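Student: Quick note on numbering: UniProt numbering labels position 438 of the sequence shown as 438, and the sequence is numbered without any gaps.
The beta-carbon is built from N, C-alpha and C at its ideal position, and this holds for glycine as well.
Just so it is clear, the structure is predicted and the values come from calculations on it, not from any experiment.
Let me give you the structure first, and then I'll get to my questions.
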Amino acid sequence: MNEPASGTDRQSTAEQTPAPALPPEVTARWQARFRAPRVSLPDWAFDAPHRNLYSSDLSGVIEQYAWDRSTGTHRQVTDRPNGTLIGTLSPDGETIWWFADTDGDEFGVWMTQPFEGGPDTPAVPEVGPAYPAGLEIGDELVAIGRSTDDGSELWLAPRGQAPRVIYRHPDPASVDALTHDGDLLVISHSEHGDPRYPALRVLRTSDDSVVAEKWDGEGRGLHASEFAPLSGDTRLLVGHERRGREELLIWDVAADTETEIVLDLPGDVTAGWYPDGSALLVGHDHAARSELYRYDLASGALEKLDTPTGVVRGATARPDGTVELAWSNAELPPVIRRADGPVVLSVSDEEPPAAYPVEDRWVPGPGGDVHALLVRPAGEGPYATAFLVHGGPESADDDSYRARRAAYVDAGYAVVHVNYRGSTGYGSAWRDALTGRPGLTELEDIGAVYDALVAEGVVDPARVLLTGGSWGGFLTLLGLGTQPERWAAGIAEVPVADYLAAYEDEMEGLRAYDRALFGGSPEEVRDVYVRSSPITYVDAVAAPVLVVAGANDPRCPIRQIDNYLTRLEELGKEHEVYRFDAGHGSLVIEETIRQVEVALDFALRHVKP
């Protein structure tokens, strides 16, 4: 189990006063939501669909598990102190691949283990440690992507031959899709200079020659999903955004022809193949909810699958035509089920407590209407309120089950989520609207929702907490400095706190993302980074702040957080810090519970519900 580093908590200006104690049954309820074992949607081997792999926190740590459906047996594959998040199966189901990093730092190598159990061995020893940049496993070869401070390197490892580098570039690239027969490999690259909008290149694996290229131009990304699952079939499913939102096309890479799939659906769509290649399983995301459809390629018929209102985290079509999915909504916990109802996989009889429904709000903002989600505690408003802002920024809050959200409601707070400009699911223009002015743009939308809910009588403006993790932690610290009149306290988890220092220390893929987002490197547009950096506004911070930091975080590195904390200390600003010995979050459930305990204790002391 992961113990916090020494010097975990400190406060700069005052002795801590005890927090109001939550009733024991309330504490037991919110903790039970975290402790109830969860499972991911099982991955299955294409040529042996009875062999499955899933992740679960059944042991208290997220690890990989093998499941043989023909015998009903389950086996824990990995067992590491800080958990194992990434794993997959070879097409024949004989081998499990899993990614071995060090203490959550995301830097490591691929390992393999026989499906039936056995020793772990380095998958391709010639490929050195790196951040993962895609993995495609075929019957006769494997393609591995890796990213380091030197840029991207893509490898091909044919069976019986020495592995070789097939692509190398200082900008981000990844391996994305492999034909069923292994003849063609698709890679994504950002040679045009903007990794947010990748281009695609098709290579012949026999000689690494270029078969085809596709790029939609500036501000329009292409995302390869997968090839049709038939030998000799060169149809590639691709996501595009030519009309301002995520849509689909099928690109026959051998003929270099494409067919756009135009669906009468208002939100973003993604898809995967049915195993016989005759249809697509389409996911539709809109206004914080998702739906599933079957799209028949021959007739063009679109059939909605009967799934409850909520959020589908993943779905797959099995060889028998049934669809399995991971589903939840804000009230009901996640379940792995078939689209027609039956539960597919459960690892425990322990069910987490139900949570709370979300209400939708659409609020006029400076860039258009902002979608927010509200959860009310018991009693009448106005309420002490926690604004829980999501990370990413290319992400979104939705109508899914969130144990952390429910913990704040249990403690007596209203909770508000804001899908600010930069969020996904509301079109390309909304997602990209923060370019050149990150942080400050999102906070305008958060402020608009704040003002609307105060005017509505929902939020008590004297008792509002701002909190989030990663990009949400960045927005928290930036908001405390640029909107000090709004916030009574702030909790920033694994945040960007000093953007200039963060850029120097973060992984190269994120540096490339930042260059695209800010309009250049700090050497080129230093003033833009300074304008968006929380440490620029630290003098104006008036509310007490708690910072939660991972010692091995490659995304929001510890040095830049320490810079911010040092400035708080020098200025005599009230603050506390909790450090944990992992990376950008923890896969250890008890460590996560400790972090929520620290956050709730801080919130209850400074913003009384």
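Compare the Cα-Cα distances from Leu-280 to each of Leu-263, Ala-287 and Arg-526 and report the closest residue.
Tutor: Taking only the C-alpha atoms, the option nearest Leu-280 is Leu-263.
Student: Looking only at its own chain, which residues have a Cβ that is under 7 Å from the Cβ of Ile-593, when we skip the five neighbours before and after it?
Tutor: The answer, listed in chain order, is Gln-31 and Phe-34.
Student: On the three-state DSSP scale, how would you describe Asp-369?
Tutor: Strand, per DSSP.
Student: How is Tyr-513 classed by DSSP in three states: helix, strand or coil?
Tutor: Three-state DSSP puts Tyr-513 in a helix.
Student: Just how far apart, CA to CA, sit Gly-457 and Asp-47?
Tutor: In a straight line, the C-alpha of Gly-457 is about 58 Å away from that of Asp-47.
Student: Can you tell which of Ala-123, Ala-386 and Ser-40 has the C-alpha that lies nearest to the C-alpha of Met-111?
Tutor: The shortest C-alpha separation from Met-111 is found at Ala-123.
Student: Going by the C-beta, is Arg-29 closer than 7 Å to any heavy atom of the ligand PLP?
Tutor: No copy of the ligand PLP occurs in the structure displayed, which carries no ligand at all.
Student: Excluding five sequence neighbours on each side, which residues of the same chain lie with their C-beta closer than 7 Å to the C-beta of Asp-149?
Tutor: Answer for Asp-149: Glu-508, listed in chain order.
Student: What is the DSSP secondary structure of Arg-431, counted as helix, strand or coil?
Tutor: Helix, per DSSP.
Student: With His-192 and Trp-155 assumed to form a contact (beta carbons below 8 Å), what rounded beta-carbon distance in angstroms separates them?
Tutor: With 8 Å as the limit, His-192 and Trp-155 do not qualify as a contact, their Cβ atoms being about 23 Å apart.
Student: Within 10 Å of its beta-carbon, does Gly-128 have 16 or more other beta-carbons around it, so buried, or fewer, so exposed?
Tutor: When all chains shown are included, Gly-128 counts as exposed.
Student: Do the stretch 72-79 and the stretch 348-366 meet, that is, are 3 or more Cβ pairs less than 8 Å apart?
Tutor: They do not touch, by the three-pair rule.
Student: Which same chain residues end up closer than 7 Å to Trp-273 when comparing Cβ atoms and leaving out the 5 residues on each side of it in sequence?
Tutor: The residues are Glu-226, Ala-228, Pro-229, Leu-237 and Leu-280.
Student: Kindly indicate which three-state DSSP category Val-253 falls into: helix, strand or coil?
Tutor: Three-state result, Val-253: coil.
Student: Hey, would you say residue 618 sits closer than 8 Å to Asp-498, going by beta carbons?
Tutor: Since the first and last residues shown for the chain are 1 and 609, residue 618 lies out of range.
Student: Based on DSSP bridge pairs, tell me the residues matched to Phe-99.
Tutor: DSSP, once it has assigned bridges, lists Trp-110 as partnering Phe-99.
Student: Val-210 by DSSP, collapsed to three states: which one?
Tutor: Of the three classes helix, strand and coil, the one that applies to Val-210 here is strand, per DSSP.
Student: Considering Cα atoms alone, identify which of Glu-493, Val-530, Thr-482 and Leu-477 is closest to residue 630.
Tutor: There is no way to answer for residue 630, as the model of the chain reaches only from 1 to 609.
Student: Report the residue ranges of all beta strand (DSSP E) runs contained in full by the stretch 108-161; include only those spanning at least 3 residues, in chain order.
Tutor: As far as the stretch 108-161 is concerned, its whole beta strand (DSSP E) runs of at least 3 residues are 108-114, 131-137, 141-148 and 151-158.
Student: Leaving out five residues on either side along the sequence, give the residues of the same chain with a beta carbon under 7 Å from the beta carbon of Ser-12.
Tutor: The predicted model places Ser-12 with a pLDDT of 45, which falls under 50 and marks its position as unreliable, so this point remains unresolved.
Student: Assuming Gly-321 and Val-389 make a contact with CB atoms under 8 Å, what is their CB distance in whole Å?
Tutor: Not a contact, Cβ separation roughly 41 Å.
Student: Counting C-beta neighbours from all protein chains within 10 Å, is the total for Gly-550 16 or more, i.e. buried, or is it exposed?
Tutor: Counting Cβ neighbours within 10 Å, Gly-550 comes out buried, since at least 16 surround it.
Student: With distances taken Cα to Cα, identify the nearest neighbour of Pro-393 among Asp-369, Thr-441, Gly-381 and Val-347.
Tutor: Residue Thr-441 is the option with its Cα nearest to Pro-393.
Student: Inspect the beta-carbon positions of Val-496 and Val-449 and report whether they are closer than 8 Å.
Tutor: No, they are not a contact pair.
Student: For Glu-351 and Glu-213, what's the separation of their Cα atoms in angstroms?
Tutor: Approximately 49 Å, taken between the alpha carbons.
Student: Is residue 619 helix, strand or coil by DSSP?
Tutor: Residue coverage of the chain in this structure runs from 1 to 609, which leaves residue 619 outside it and unanswerable.
Student: Measuring alpha carbon to alpha carbon, tell me which of Leu-141, Ile-558 and Leu-41 ends up nearest Glu-506.
Tutor: The candidate whose alpha carbon is nearest that of Glu-506 is Ile-558.
Student: Applying the 10 Å Cβ sphere with the 16-neighbour rule, what's the burial state of Gly-379?
Tutor: Classification of Gly-379: exposed, given that the 10 Å Cβ count is below 16.
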